[in-house]
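Residue numbers (this note's numbering): 1 to 111. Glycine residues also receive a C-beta, built at the ideal position from the N, C-alpha and C atoms. Structure first, then comments.
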Amino acid sequence: MVPASVSYGSVVYGNTLAILSSVVIQFNGAAPPSALSAVSVDFGLRGLATSALSLTNGHGITISDAANWTFSMTPFLVALDPGTYEVSITTTAADGTVYTFVKGDLKVVKV
1 MVPASVSYGS
11 VVYGNTLAIL
21 SSVVIQFNGA
31 APPSALSAVS
41 VDFGLRGLAT
51 SALSLTNGHG
61 ITISDAANWT
71 FSMTPFLVAL
81 DPGTYEVSIT
91 TTAADGTVYT
101 FVKGDLKVVK
111 V
């Protein structure tokens with residue numbers, strides 16, 4: 001499966017980033033057969049191999065309905081250095097299957 005590509009636009013350093021307020025993942029109209037067990041949202045500065053910020057279950061990510069693959073990201077104040085970040089959303093099912101559903105860009109600017 002090829003991840004969807006999206007642009008999250010831009011956010012000003014020090015402002016609140018409020019994306020992914022409610023995400024429901026489905027395949028052909030239904031949740032995957034194995035419950036959602038983990039979600040990771042990683043922000044990596046373009047061109048670097050390491051993640052500048054990683055949000056996970058209980059640390060910025062809330063799984064509200066594991067059986068129906070529903071989760072959200074808590075809004076947070078952006079303290080990332082200015083630049084363009086690659087955002088990757090990776091999930092893990094209870095059976096161990098890992099999916100990367102979305103890869104996108106977020107630009108952090110300082111005014």
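Three-state secondary structure assigned by DSSP to residue i
i           : result
residue 10  : strand
residue 29  : coil
residue 17  : strand
residue 68  : coil
residue 98  : strand
residue 108 : strand
residue 22  : coil
residue 41  : strand
residue 58  : coil
Straight-line gap, residue i to residue j (C-alpha atoms, nearest Å)
i           : j           : result
residue 90  : residue 83  : 22 Å
residue 48  : residue 101 : 21 Å
residue 105 : residue 8   : 6 Å
residue 52  : residue 46  : 10 Å
Cβ separation of residue i and residue j, assumed to be a contact under 8 Å, to the nearest whole Å
i          : j           : result
residue 10 : residue 107 : 4 Å
residue 57 : residue 39  : 6 Å
residue 73 : residue 20  : 4 Å
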